[in-house]
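Per our numbering: the sequence shown = residues 88 to 211.
Ideal placement from N, C-alpha and C gives every residue a C-beta, glycine not left out.
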Amino acid sequence: MQEGKRQRQVAGVIQQEMNEIFQRLNLTMIDGGMVSIANVKVTPDLLEARIYLSFFKIEQPKLAMQRINEKASDIKRELAARVRHQLRRIPVLQFYVDDTLEYVFKMEHLFENLKKDDSNNNQA
88 MQEGKRQRQV AGVIQQEMNE IFQRLNLTMI DGGMVSIANV KVTPDLLEAR IYLSFFKIEQ
148 PKLAMQRINE KASDIKRELA ARVRHQLRRI PVLQFYVDDT LEYVFKMEHL FENLKKDDSN
208 NNQA
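If you want it as structure tokens, here you go:
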């Protein structure tokens, strides 16, 4: 289903504010790695926001997610204070791991292996 204009606007506002909130709450650097907000999707009724987090050089993303979920109430409170004039209701925040980058690296590695195998078969 295609996103509506209002969904995209609200998602954009939430993503921008969440970036600033994460910096303010020192959640951008966890365990020597970096956390960034990759994407925000909002449901059509604007009551739920799915926040996709990208982890870079973090050994255990599950532990990082746990730390972020522990601060979820602080994050929502901060978000509510920042967007109270733009949104009637603050959406429920749901955090997800964005594994797109990991998937891209894995696919790249597979293509490189196929290319090597193909060149070895041509030489034989």
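Checklist entry - Taking just the CA atoms, how far does residue 131 sit from residue 147? => result Linking residue 147 to residue 131 through their CA atoms gives a straight-line distance of about 33 angstroms.
Next on the checklist: Mapping the DSSP letters down to three states, classify residue 135 as helix, strand or coil.
Outcome noted: Strand.
Checklist entry - Can you name the start and end residues of the alpha helix (DSSP H) that residue 99 belongs to? => result Residues 92-111.
Checklist entry - Can you tell which of 138, 128 and 206 has the C-alpha that lies nearest to the C-alpha of residue 89? => result Distance from the Cα of residue 89 is smallest, within the candidate group 138, 128 and 206, for 128.
Next on the checklist: Once DSSP output is grouped into helix, strand and coil, what is the label at residue 181?
Outcome noted: Note: residue 181 maps to strand in three-state DSSP.
Next on the checklist: Given this structure, state the Cα-to-Cα distance separating residue 199 from residue 124, to the nearest angstrom.
Outcome noted: Here the alpha carbons of residue 124 and residue 199 stand approximately 29 angstroms from one another.
Checklist entry - Out of 126, 116, 118 and 117, which has the shortest C-alpha to C-alpha gap to residue 95? => result Of all alpha-carbon atoms in 126, 116, 118 and 117, the one lying nearest the alpha-carbon of residue 95 is that of 126.
Item to check | With 16 other Cβ atoms within 10 Å as the buried cut-off, status of residue 140 | outcome: The residue in question, residue 140, is buried, as its Cβ has 16 or more Cβ neighbours within 10 Å.
Item to check | Other residues of its chain near residue 97: CB distance less than 6 angstroms, five sequence neighbours each side excluded | outcome: Closer than 6 angstroms at Cβ, skipping near neighbours: 129 and 133.
Checklist entry - First and last residue of the alpha helix (DSSP H) that includes residue 124? => result Per DSSP, residue 124 belongs to no alpha helix (DSSP H); it is in the beta strand (DSSP E), 120-129.
Checklist entry - Looking only at DSSP bridge pairs, what is residue 192 linked to? => result Answer is none; residue 192 lacks a bridge partner.
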